[in-house]
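Engineer: Next up is a structure, given as structure tokens.
There are 2 protein chains.
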Amino acid sequence: MTTDLAPAVEAPEALVARLAGVGRAAQRVLARMDAPAKAAALHAAAAALRAAESTILAANAQDMAAGEARGLTGAMLDRLRLDSARLAGIADAVDAVADLPDPVGQVIDRSVRPNGLELSRVRVPVGLIGIIYESRPNVTADAAALCVRSGNAVLLRGGSEAVHSNRAIHAALVQGLVSAGVPEAAVQLMPTQDRAAVGAMLTAAGLIDMIIPRGGKSLVARVQADARVPVLAHLDGICHTFIHAAADPAKARAIARNAKLRRTGICGAMETLLIDSTFPDAQAVVADLLDGGCELRGDARARALDPRINPASAEDWDTEYLDAILSVAVVDGLGAALAHIERHSSHHTDAIVTEDESVAEQFLAEVDSAIVMVNASTQFADGGEFGLGAEIGIATGRLHARGPVALEGLTTYKWQVRGTGQVRL
Amino acid sequence: MTTDLAPAVEAPEALVARLAGVGRAAQRVLARMDAPAKAAALHAAAAALRAAESTILAANAQDMAAGEARGLTGAMLDRLRLDSARLAGIADAVDAVADLPDPVGQVIDRSVRPNGLELSRVRVPVGLIGIIYESRPNVTADAAALCVRSGNAVLLRGGSEAVHSNRAIHAALVQGLVSAGVPEAAVQLMPTQDRAAVGAMLTAAGLIDMIIPRGGKSLVARVQADARVPVLAHLDGICHTFIHAAADPAKARAIARNAKLRRTGICGAMETLLIDSTFPDAQAVVADLLDGGCELRGDARARALDPRINPASAEDWDTEYLDAILSVAVVDGLGAALAHIERHSSHHTDAIVTEDESVAEQFLAEVDSAIVMVNASTQFADGGEFGLGAEIGIATGRLHARGPVALEGLTTYKWQVRGTGQVRL
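Going down the list, the protein sequences come from chains A and B.
Numbers 1 to 425, taken from full-length UniProt numbering, label the letters of the first sequence in order.
Numbers 1 to 425, taken from full-length UniProt numbering, label the letters of the second sequence in order.
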């Protein structure tokens, strides 16, 4: 028997304020570390992940057992599952982030004023970043690595179904980072799965500098609705491909098939195909898709192309299927395609297939989406494919960063002013 | 007698949705106008402002009379008042914005991927911007000009005390813009002073792309608390100047005096002076300020410098006086100065005076403020002084834009991808 009192329960706001305080202090230390030191720390973290394989896989087995008992779907269990190869992939990804160029300290621009003041804009870390995510335990390592590489402290809040996996990954990561001089609190994992703690993160304006939600629509919607902290978010990817009259037929067929069917569940997958009414090979394009196992839902003119095409409802034009389903419309020229995209696109990624350069340039100029493409598959909408090395997400908002967001999107800038005693008149 | 029914009252949300809809349509037209066309339109708007002088001054006289009747303070009436010279200044400012380089279409960076895809990041307008402001009617023209120059549509909501002035300025501006091909709805003034309409603007996520509040603390605080739309805001300017041991005494005296007393009411005015305990000319610095009519509030060591210095309370270190009052502390070296600034600065603008270059560089690197300065007056924290030509405000947040925000801060970017038929493996 003990006479100790039970520990006082810490209110979620107090918990977040405490974690943010130590996180920010750690960030100040991290911000002073140079690029090689941060890289070395991330390599140490990757090594620690590999060394902790048995611990991490055992923790993951606990989550898997609990998930099966709770009746998680096969897809959810697959997202949750780790094995030796997947864990190696997670560690490799941390090594890869370590080797990316460090954006911190880059001089964006510089000028000298007539009075002799020298002005520079220099990239600096955003500060303390909150990541709220769901079942994939790899996010714990990916997000932490991107934040540390860019000099940010991070407060991670993963899903309850992955809690043991996340704790094990976090413990290994931090052990590696600390061994290389990074303060322990630079990477923190929320110690509770209490949902109120998420609310406290979202409203911690002034304590957390940016929240990045990573997960499904309901998570992102909750974060956007409740946040007082700026949010860098990924919403729908209702991506269009417009096959223009002057499209090369072979390119049009290959691009349409790839944009829809290479992987149907990613945000860059095409969800609506627009075909110019004078494009001569429309039937071949839709036949390819139908033969490839895709359900097509079309307007009246599209349905005339192939009897296998089902009728589209009004909602289809605004639906992100993330599946082998595609809405198809026949349109009269670039103007009609632009109007359809303006009305229905989620402004994530939209593409045109055409050999007419002036039409291509008009499409690139007028479609107001994060990514606009000519003669390429929308499935290229990805930080890795863009050469960014890794991405924290694809931002569908308009401010701060847009499209694939990697290290640069985790920085801001400061103005440095070097004078020689100037005073203002 | 009329049998007409009274017009149905439009709910604030419906009003904002309607204005945002026509504003966005107008923005699409504006986005297609090239830089010379937008410049010509702004010059036409400036000319229209000059031509409407008598109408605008008559409207302003109405506001002034109402303001006097309502008992507005002298300072408020002065902010509200227009005369021939002030109106000419407003028109000149519109001309000046017209002549600024257009950021739209600038290529931020470009790369070619191994598969031949060409990637460019190109600056584009943010879209539809909401400006919520208080009594200065010049904001109506300034903000509209900056938005139009950068290809944005704008929804303006000014203060009720300036309602007639704002309407007259808006009418003249739009007449000029329309004469040069800009759609009328590119610059809209909220037709009601109903406060619920402000709330509807703040929550119009997806309709308005960014809100910029311009006004006092209570306005900005309300906007930040209630907004669901991203906000680019200016909070406190608790600016520090640290006089290091190796400061040049003449520079230190001139900078301290200028930073505090040139204009005490601007956000870049110094509010706290930190003096190294080994700086030999501390007495002269504080004497200059006291002789210049400034009240000094000091810690114990500062008060030992001059008997005229009053004691500082704990709150003084966190106060933006915007007046001829200054808090003064004596600190032991750079580390203590950095710690004080980290704790008390609002991270707007902080400066060091020193001839020691390595200390200067450490200060520039470690102080995490929007603007960090060496050997210069904090009063230079201004878009015009930074060569930006004009500013929509000084952002104290960390995302999107930081410090003085001018045209570039009113843009975002899109990724343009030019392919030759690439599909993703």
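All residues carry an ideal CB built from backbone N, CA and C; glycine is no exception.
Quick check: what's the CA-CA separation for S111 (chain A) versus V417 (chain B)?
Structural biologist: For S111 (chain A) and V417 (chain B), the distance between alpha carbons rounds to 31 angstroms.
Engineer: Just checking: is the beta-carbon of T2 (chain B) within a distance shorter than 7 angstroms of some beta-carbon in chain A?
Structural biologist: Because T2 (chain B) sits at a pLDDT of 45, beneath the cut-off of 50, its placement in the model cannot be relied upon, and the following sentence gives the value as read from the coordinates. No - not a single Cβ of chain A is within 7 angstroms of the one on T2 (chain B).
Engineer: Let me confirm a value: P311 (chain B) is counted as buried when at least 16 other C-beta atoms fall within 10 Å, else exposed. Which label applies?
Structural biologist: So P311 (chain B) ends up on the exposed side.
Engineer: For G71 (chain A), is the classification buried or exposed, using 16 other Cβ atoms within 10 angstroms of its Cβ as the cut-off for buried?
Structural biologist: exposed
Engineer: Less than 7 angstroms between CB atoms is the rule here; does W317 (chain B) satisfy it with respect to chain A?
Structural biologist: no
Engineer: Interface residues of chain B around N258 (chain A) at Cβ under 8 angstroms?
Structural biologist: V423 and R424
Engineer: Flag F363 (chain B) as yes if its beta-carbon sits less than 7 angstroms from any beta-carbon of chain A, otherwise no.
Structural biologist: no
Engineer: Please list the partners that Q416 (chain B) has in chain A, where partner means a Cβ-to-Cβ separation under 7 angstroms.
Structural biologist: Within chain A, the residues whose beta carbon sits less than 7 angstroms from that of Q416 (chain B) are L364 and V372, listed in sequence order.
Engineer: With 16 other CB atoms within 10 Å as the buried threshold, where does L425 (chain A) fall?
Structural biologist: The C-beta of L425 (chain A) has fewer than 16 other C-beta atoms within 10 Å across all chains shown, which makes the residue exposed.
Engineer: Quick check on F386 (chain B) - is its C-beta less than 7 angstroms from some C-beta in chain A?
Structural biologist: Closer than 7 angstroms to some Cβ of chain A, the Cβ of F386 (chain B) qualifies, so yes.
Engineer: Please determine, among B:Q422, B:I394 and B:G181, the residue with the shortest C-alpha to C-alpha distance to A254 (chain A).
Structural biologist: B:Q422
Engineer: With H, G and I counted as helix, E and B as strand and the rest as coil, what does DSSP make of V187 (chain A)?
Structural biologist: strand
Engineer: Under 8 angstroms, with one C-beta from each stretch per pair, do the region 266 to 280 of chain A and the region 236 to 243 of chain A reach the 3-pair mark?
Structural biologist: yes
Engineer: If you follow the alpha helix (DSSP H) that S218 (chain A) is in, where does it begin and where does it stop?
Structural biologist: K217 to D226
Engineer: How close, in whole Å, do the beta carbons of G159 (chain A) and T140 (chain A) come, if the pair is a contact with beta carbons under 8 angstroms?
Structural biologist: So it is not a contact: roughly 10 angstroms between Cβ atoms.
Engineer: Would you tell me roughly how many angstroms separate the C-alpha atoms of R330 (chain A) and S179 (chain B), rounded to the nearest one?
Structural biologist: The residue you asked about is not Arg; residue 330 (chain A) is Val in the sequence shown. Between V330 (chain A) and S179 (chain B), the C-alpha separation is close to 38 angstroms.
Engineer: May I ask you to report which of helix, strand or coil DSSP gives I392 (chain A)?
Structural biologist: coil
Engineer: Evaluate S346 (chain A) with the Cβ neighbour count: other Cβ atoms within 10 Å of its Cβ, from every protein chain shown; 16 or more gives buried, anything less gives exposed.
Structural biologist: buried
Engineer: Kindly confirm or deny that the region 300 to 315 of chain A and the region 279 to 288 of chain A touch, where touching means at least three C-beta pairs closer than 8 angstroms.
Structural biologist: yes
Engineer: With DSSP run on the structure shown, which of helix, strand or coil describes A329 (chain A)?
Structural biologist: strand
Engineer: Answer yes or no: does any C-beta atom of chain B fall closer than 7 angstroms to that of P183 (chain A)?
Structural biologist: no
Engineer: When the distance is taken between beta carbons, is P114 (chain B) closer than 7 angstroms to N152 (chain B)?
Structural biologist: no
Engineer: For Q416 (chain B), which beta-bridge partners are listed by DSSP?
Structural biologist: A:V372 and B:S120
Engineer: Check whether the Cβ atoms of P170 (chain A) and A98 (chain A) sit closer than 7 angstroms, and answer yes or no.
Structural biologist: The displayed chain sequence assigns His, not Pro, to residue 170 (chain A). Contact flag unset, no.
Engineer: Is it buried or exposed, A11 (chain B), if we count other Cβ atoms within 10 angstroms and call 16 or more buried?
Structural biologist: exposed
Engineer: Please work out which residues of its chain come closer than 8 angstroms, Cβ to Cβ, to E68 (chain B), disregarding the five sequence neighbours upstream and downstream, and give them in chain order.
Structural biologist: L77
Engineer: Beta strand (DSSP E) containing M64 (chain B): first to last residue?
Structural biologist: For M64 (chain B), there is no enclosing beta strand (DSSP E); the enclosing alpha helix (DSSP H) has its first and last residue at E53 to R70.
Engineer: On the DSSP bridge list, what partners appear for S111 (chain B)?
Structural biologist: Per the DSSP secondary-structure output, S111 (chain B) pairs in a beta bridge with B:L119.
Engineer: Taking the C-alpha atoms as reference points, what is the distance between L15 (chain B) and Q188 (chain B)?
Structural biologist: Rounded to the nearest angstrom, the two C-alpha atoms are 12 angstroms apart.
Engineer: Scan the region 334 to 352 of chain B for residues whose Cβ lies nearer than 7 angstroms to a Cβ of chain A and list them as they occur along the chain.
Structural biologist: Listed by position along the chain: nothing, the set is empty.
Engineer: Sorted by chain position, which residues of the same chain lie with C-beta nearer than 8 angstroms to N258 (chain A)'s C-beta, five sequence neighbours on each side aside?
Structural biologist: S377 and Q379
Engineer: Would the region 353 to 373 of chain B and the region 407 to 416 of chain B be scored as touching if the rule is three or more Cβ pairs under 8 angstroms?
Structural biologist: no
Engineer: Check each candidate in B:A65, B:F363, B:G127 and B:A96 and name the one with the smallest Cα separation from P230 (chain B).
Structural biologist: Nearest C-alpha to P230 (chain B) among B:A65, B:F363, B:G127 and B:A96: B:G127.
Engineer: What is the DSSP secondary structure of T411 (chain B), reduced to helix, strand or coil?
Structural biologist: strand
Engineer: Report the residues of the region 219 to 241 of chain B with a CB closer than 7 angstroms to any CB of chain A, ordered along the chain.
Structural biologist: P230
Engineer: Is there contact here, the region 130 to 138 of chain B with the region 30 to 38 of chain B, by at least three beta-carbon pairs under 8 angstroms?
Structural biologist: no
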